[in-house]
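**Q** In our numbering, the protein residues as written are 47 to 290. C-beta: ideal position from N, C-alpha, C; glycine also.
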Ligand SMILES: Nc1ncnc2c1ncn2[C@@H]1O[C@H](C[S@+](CC[C@H]([NH3+])C(=O)[O-])CC(=O)[O-])[C@@H](O)[C@H]1O
Ligand SMILES: O=C(O)C(=O)Cc1ccccc1
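#1: In the DSSP assignment, what residue or residues form a beta bridge with residue 177?
#2: Can you pull the DSSP bridge partners for residue 285?
#3: For a quick check, are the C-beta atoms of residue 277 and residue 287 less than 9 Å apart?
#4: Mind reading off the beta-carbon distance from residue 174 to residue 205? Whole number of angstroms is fine, and I expect it under 8 Å.
#5: Between residue 117 and residue 69, what straight-line distance do the alpha-carbon atoms span, to the nearest angstrom?
#6: What did DSSP end up calling residue 159 once you bin it into helix, strand or coil?
#7: Using 8 Å as the Cβ pair cut-off and three pairs as the minimum, do the region 119-137 and the region 152-165 touch?
#8: Where residue 179 and residue 211 are concerned, what is the direct C-alpha to C-alpha distance, given to the nearest angstrom?
#9: Where do the N-terminal and C-terminal ends of the alpha helix (DSSP H) with residue 190 fall, by residue?
#10: I think residue 245 touches residue 56, with their Cβ atoms under 8 Å apart; what is that distance to the nearest whole Å?
#11: Candidates 213, 209, 76, 114: which alpha carbon is nearest residue 137's?
#12: For residue 255 versus residue 190, is the C-beta spacing smaller than 9 Å?
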C-alpha cells in the first residue's frame, strides 16, 4: 500500500521555475496537496456519490476523466454497488494512474474499474450515464474545451449527467481580488507558507487556466445540455451539473 506524504514540494526556494506537472512527486503528496488547497474538495466527492445514485443507469458506463488517485472513481463506485455498470477511469499521468489502481484495490467492490492511461481528449465516450470531470477541464487547453464537452454530450445517454468541478475566475475585478485573498488565507490556515503559496502559484501559471462561471454555463448550453447550473461553490471553486 502506497504511503502518501505531506506536501512540501514548494517549501524550498527554487532556482529555476518549472511548470506544474502531475509527475511522481506530485502523485506521492496529492491527497495532502488537494485537501489543503481546494476548499470543498470532500464535498465534491460526497456530491458525486449522491448524484451518481440518482443518475446512473443500469448497463451504462460511468467515466471519471482525469481521475488522479481515483477519489471520484471511488465516490461513484460507492453509488452503484448494486447496479450493473462499467466504471472507466482515465488519466494521462502514469504516476497517478499506477497509484489510483493501487488505491482502489484496497477497497472491496462488486465492480472492476477499467483504468485507461491516456489523454481524455482521445478517449472514446459512449453509452454513458454519468461523466465526472473533477477539476480536470481547467488543465486542458481552452481551445479544446468545447470539443471535449461536445464529445461528452454525444456519448451521454438521454437523461445522463455531467458533473464538472472547476476553479473559476470572477469577471468582476473587485470580487475576484477578495475571493482570491480568502483562498490565500485558507491556504495559510492549512499550514502553507508565503513562499510555498507564491512558488506554486507561479508554477500553475499557463497550466491551470480558469474560465468564468458565465463562460462555462454558456458553453454547456450551446453544446445542447437541457439544464445546467452550479450545485456548489466555495470561494472560486465550483461544481457544475449538466443534464442531457
Ligand atoms: N488531457 C488529459 N487527459 C487525462 N488526464 C489529464 C489530462 N490533463 C490533465 N489530466 C489529469 O487531471 C488530473 C487533475 S487533478 C484531478 C483530481 C481528481 N479528479 C480527484 O477528484 O481527486 C486536479 C488538480 O490537481 O487540481 C491530474 O491527475 C492530471 O494528470
Ligand atoms: O493550489 C491551488 O491554488 C489550486 O488552484 C488547486 C490545485 C490543487 C492541486 C493541484 C493543482 C492545483
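**A** In short, the structure shows the following:
#1: 109, 208
#2: 211, 278
#3: yes
#4: About 11 Å; that fails the 8 Å criterion.
#5: 18 Å
#6: coil
#7: yes
#8: The C-alpha of residue 179 lies about 6 Å from the C-alpha of residue 211.
#9: 188-201
#10: 4 Å
#11: 114
#12: The answer is no: Cβ separation not under 9 Å.
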